[in-house]
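To keep things clear, I will list the structure first and then write my remarks on it.
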Amino acid sequence: MKILVTGASGLIGSALVPHLANQGHELVRLQRAKQPDSRPSWDPDTERISLADAAPFDAVIHLAGETIAQRWTAAAKRRIRDSRVKGTSLLSKALVNLSPSPKVLISASATGYYGDRGDELVDEQTASGSGFLAEVCRDWEDVTRPAAAHGIRVINLRFGIVLTPRSGALGKMLPIFRLGLGGKLGHGRQYWSWIAIDDLLAVIDCVLTKDTFAGPVNVVSPHPTTNAEFTDALGTVLRRPAFLGVPAFALKLLASEMAETALLASTRVRPARLEQAGFQFKFPELREALRSLLLTR
59 MKILVTGASG
69 LIGSALVPHL
79 ANQGHELVRL
89 QRAKQPDSRP
99 SWDPDTERIS
109 LADAAPFDAV
119 IHLAGETIAQ
129 RWTAAAKRRI
139 RDSRVKGTSL
149 LSKALVNLSP
159 SPKVLISASA
169 TGYYGDRGDE
179 LVDEQTASGS
189 GFLAEVCRDW
199 EDVTRPAAAH
209 GIRVINLRFG
219 IVLTPRSGAL
229 GKMLPIFRLG
239 LGGKLGHGRQ
249 YWSWIAIDDL
259 LAVIDCVLTK
269 DTFAGPVNVV
279 SPHPTTNAEF
289 TDALGTVLRR
299 PAFLGVPAFA
309 LKLLASEMAE
319 TALLASTRVR
329 PARLEQAGFQ
339 FKFPELREAL
349 RSLLLTR
């Protein structure tokens with residue numbers, strides 16, 4: 059396939075691009091550029107996009123978006139929202155105008171869609187929650203509708219916490235835990251829904267080729283864990299103590315709304331669509347995933 063990819067240098071894209079290239083796919087990166095050039099390029103801030111010279115594409119994988127791992131000032135929240143909503147809207151409309159249009163658009167979303175749900179087990183049929191991330195995710199998914207209405211098969215991948223030692227949440231935790239200074243966040247009872255990077259790549263392979271997938275798909279392990287269970291497992295795999303927790307008030311002082319929404323909120327997510335399709339997770343259990351990621355590579 060000839061596949062257009064946005065966010066190719068990010069947490070997921072940097073693993074996905076070589077993975078797909080090794081399978082023989084032709085990868086085209088959509089680059090950010092203020093001025094038009096000969097490459098496929100775009101600037102969501104000015105609503106400019108140039109795709110025609112590299113088209114047609116069989117598929118598009120859209121992963122671009124401002125990191126949420128920052129203090130949520132008003133300006134940061136605007137960047138987080140605009141990078142997802144404005145960027146996805148611009149891309150969706152551009153794909154509709156291509157002739158021929160790609161057959162499939164795989165667009166990132168997140169389990170933040172569900173908001174803080176406590177111990178409630180949610181799946182793709184569960185209504186969206188409240189709060190900034192839930193609102194962003196709703197709008198992020200909604201702006202792919204023009205592509206779906208045009209006949210493009212659209213899949214909205216609701217990613218949980220992506221486990222890779224190179225970056226992301228696990229990458230940030232490792233130096234602290236390797237020093238024996240890790241521990242739970244707040245009371246630790248909040249659920250973290252996670253996915254090992256190898257399983258995430260396999261999910262993208264699956265939804266890319268199986269025409270039965272459309273709409274939201276939860277990209278998480280079938281076994282979410284509490285934050286306390288997560289930090290205990292990480293300490294055990296690293297053979298380091300993990301009892302120096304961070305109180306909730308300290309997290310809120312350091313990261314404000316981001317801490318409350320992304321670190322202390324509880325989202326217990328089931329990958330119902332993948333389970334119904336018979337998807338086989340290589341790493342359904344957290345300790346197996348951590349051992350593979352941290353001890354065998």
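For any residue, its number in my numbering is found by taking its place in the sequence shown, counting from 1, and adding 58. All C-beta atoms in this analysis are idealised placements derived from N, C-alpha and C, irrespective of residue type, glycine included.
With the cut-off set at 8 angstroms, would you say residue i and residue j are in Cβ contact?
i    : j    : result
V295 : R224 : no
T283 : L191 : no
A73  : L259 : yes
A286 : G226 : no
P274 : E333 : no
L276 : V327 : Inspection of the sequence shows that residue 276 is occupied by Asn rather than by Leu. Yes, the pair counts as a contact, with Cβ atoms nearer than the cut-off.
M231 : L292 : yes
A347 : L221 : yes
A117 : I164 : yes
K152 : L109 : At residue 152 the sequence reads Ala, which differs from the Lys that was named. Closer than 8 angstroms, so yes.
V143 : D197 : yes
F301 : W250 : no
W252 : G303 : no
For residue i, I'd like the list of residues in its chain whose CB is within less than 8 angstroms of its CB, leaving aside the five on either flank, ordered along the chain.
i    : result
A91  : R97, S99, W100 and D101
S314 : R129 and W130
A272 : A206, R211, V212 and I213
F341 : A254, D256, D257, S279, A347 and S350
L156 : L109, A110, A113, P114 and F115
H281 : P342, E343 and L344
G229 : T222 and P223
D269 : R211
For residue i, which residues from the same chain have a beta carbon less than 7 angstroms from its beta carbon, with the 5 sequence-adjacent residues on both sides left out?
i    : result
I138 : E124, I126 and V194
G176 : S324
I234 : G240
L309 : L243, G244, A317, L321 and L322
H77  : L259
A134 : Q128
V75  : V63, A66 and L85
R349 : V295
V154 : P204, A205 and H208
G71  : V63, G65 and L121
From the DSSP secondary-structure annotation, give me the bridge partner or partners of residue i.
i    : result
I119 : V63 and I164
W100 : R90 and I107
E84  : K60
V220 : I253
L243 : V304
Within a Cβ cutoff of 6 angstroms, which residues of the same chain sit near residue i, ignoring the five residues on either side of it in sequence?
i    : result
A132 : none
I107 : W100, L148 and A152
V331 : A quick correction: the sequence has Arg, not Val, at residue 331. Hits under 6 angstroms: E182 and V275.
S186 : Y171, A192 and R196
K60  : E84, F115 and D116
Just to confirm, does residue i get its C-beta within under 7 angstroms of one of the non-hydrogen atoms of the ligand PLP?
i    : result
R326 : As presented, the structure is devoid of all ligands, the ligand PLP included, so that no description of it is given.
- Task: Within the stretch 247 to 306, note down every full alpha helix (DSSP H) run reaching 4 residues or more, in order along the chain.
- Result: List check, alpha helix (DSSP H) in window: 255 to 267 and 285 to 296.
- Starting from the N-terminal side, write out each stretch of the beta strand (DSSP E) that is 3 residues or longer and does not extend beyond the stretch 137 to 216. For the stretch 137 to 216, the full-length beta strand (DSSP E) segments reaching 3 residues or more read 162 to 168 along the chain.
- Mind pulling the alpha helix (DSSP H) runs of 4 or more residues that sit fully within the stretch 306 to 354? Fully enclosed alpha helix (DSSP H) runs of 4 or longer: 306 to 313, 330 to 334 and 344 to 353.
- Message: Could you check whether the stretch 76 to 92 touches the stretch 170 to 185, counting it as contact only if at least three pairs of C-beta atoms, one from each stretch, sit closer than 8 angstroms?
- Response: No contact exists between the stretch 76 to 92 and the stretch 170 to 185.
- Item | Inter-stretch contact (C-beta, 8 angstroms, three-pair minimum) for the stretch 290 to 306 and the stretch 239 to 255 | In the pairwise beta carbon analysis, the stretch 290 to 306 is classified as touching the stretch 239 to 255: at least three pairs are separated by under 8 angstroms.
- Query: Touching or not, the stretch 248 to 268 and the stretch 323 to 337, by the rule of three or more beta carbon pairs under 8 angstroms?
  - Reply: At 8 angstroms Cβ cutoff, the stretches touch.
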